[in-house]
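Working notes, beginning with the structure itself.
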Ligand code: URA
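In the working numbering, the protein residues as written are 2 to 306.
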């Protein structure tokens, strides 16, 4: 049996055990667990869609708050690791990220990849915003785990993202990566997307009509991804998702609702690059978000850079 077949069989067995009510099992080596839950869900570029008639495509369902997957209890024999997080907690954190193994979603990974690729094709062909479409090098759709518990939602591509076709790859992206890592996750564990898919020239904010044109795209992306948690980075993402005029300062630090997903609002990494003294607020917000996700963080100190 090759490793892919073994992985699929093991995942199916675990899903079946969970469905039959099993809530605790033997401890699994975290490294093995990581290989089970990790890389195969990562899509860095859109996969060309298979020619499946739209009528046959499964309709994603919007997550209900009660759909939360059961967490695997932490073993009492947990020991400390060099990161300061107990190994049992590492296992629990990995389980907390292993959305694909435990969730009861109606949309499987392959369908998500296909549905996202279909939306991406529409994005690539879109010319609703004359200024944005005529100035873009390419559209920037989204990247990451297609079975995410957590999505990061940004504003729109900058120059680096426009060149590379991937969100958050410039200086703000480097800081976002550090924030994700400080939360004991990797960029590949989450999904990252933006409100608008084309770079606004001169890095200006997207205009209201540009946000409206992209709304069906990001709403459908989130409908396919069904994240349990969304982190809005900055005011543009926050007002687009929550359809509010309230500031990040007013909304941050609490969980909000978007169609059943829990939403944390925080400052944009680009803002933090200009205002490093605000990093402590983002760290507070991320600690609250991780607590809500059941992910234990090693210490209380804010990441230094
Ligand atoms: N800022 C964003 O909001 N999104 C990106 O992709 C990059 C920078």
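Even for Gly, the Cβ is constructed at its ideal location relative to N, Cα and C.
A straight-line Cα-Cα distance of about 22 Å links residue 235 and residue 130. Here residue 205 is exposed: its Cβ has fewer than 16 other Cβ atoms, across all protein chains shown, within 10 Å. The closest heavy atom of ligand 1 lies 8 Å or more from the beta carbon of residue 145. In this structure, DSSP gives residue 258 an extended state, which the three-state scheme calls strand.
Within the same chain, Cβ atoms closer than 7 Å to the Cβ of residue 212 are found at 196, 197 and 241, the five residues on either side in sequence being excluded. If you ignore the 5 residues before and after residue 161, its C-beta comes within less than 6 Å of the C-beta of 170 and 171, all in its own chain and listed in chain order. Residue 136 sits in a helix when the DSSP states are folded into three classes. In the structure shown, residue 264 falls within a strand segment according to DSSP collapsed to helix, strand and coil.
Annotation: the continuous alpha helix (DSSP H) that includes residue 218 extends over 209-226. Here residue 263 is buried: its Cβ has 16 or more other Cβ atoms, across all protein chains shown, within 10 Å.
Relative to residue 119, the option among 221, 163, 191 and 133 whose CA is nearest is 221.
Counted as a single uninterrupted DSSP element, the alpha helix (DSSP H) harbouring residue 177 occupies residues 172-183. Here residue 296 carries a coil assignment [DSSP, helix/strand/coil]. Counting only the Cα atoms, residue 108 lies some 29 Å from residue 165. Residue 197 carries a coil assignment under DSSP once its states are collapsed to helix, strand and coil.
Proximity of the beta carbon of residue 238 to ligand 1 is indicated: a heavy atom of the ligand is located closer than 8 Å. The Cβ-Cβ distance between residue 114 and residue 141 does not fall below 9 Å. Per the C-alpha coordinates, the member of 133, 270 and 139 positioned closest to residue 125 is 139. The beta-carbon distance between residue 265 and residue 230, rounded to whole angstroms, is 7 Å. This is short enough to meet the 8 Å contact definition.
Less than 9 Å divides the Cβ of residue 150 from the Cβ of residue 191. When the beta-carbon positions are compared, residue 237 and residue 123 stay at least 9 Å from each other.
Contact check for residue 144 and residue 167: beta-carbon distance about 5 Å, within the 8 Å limit, so the pair qualifies. With contacts defined as CB atoms closer than 9 Å, residue 232 and residue 286 qualify as a contacting pair. Minimum Cα-Cα distance from residue 289 among the listed residues 184, 225 and 247 corresponds to 184. In this structure, DSSP gives residue 146 an extended state, which the three-state scheme calls strand.
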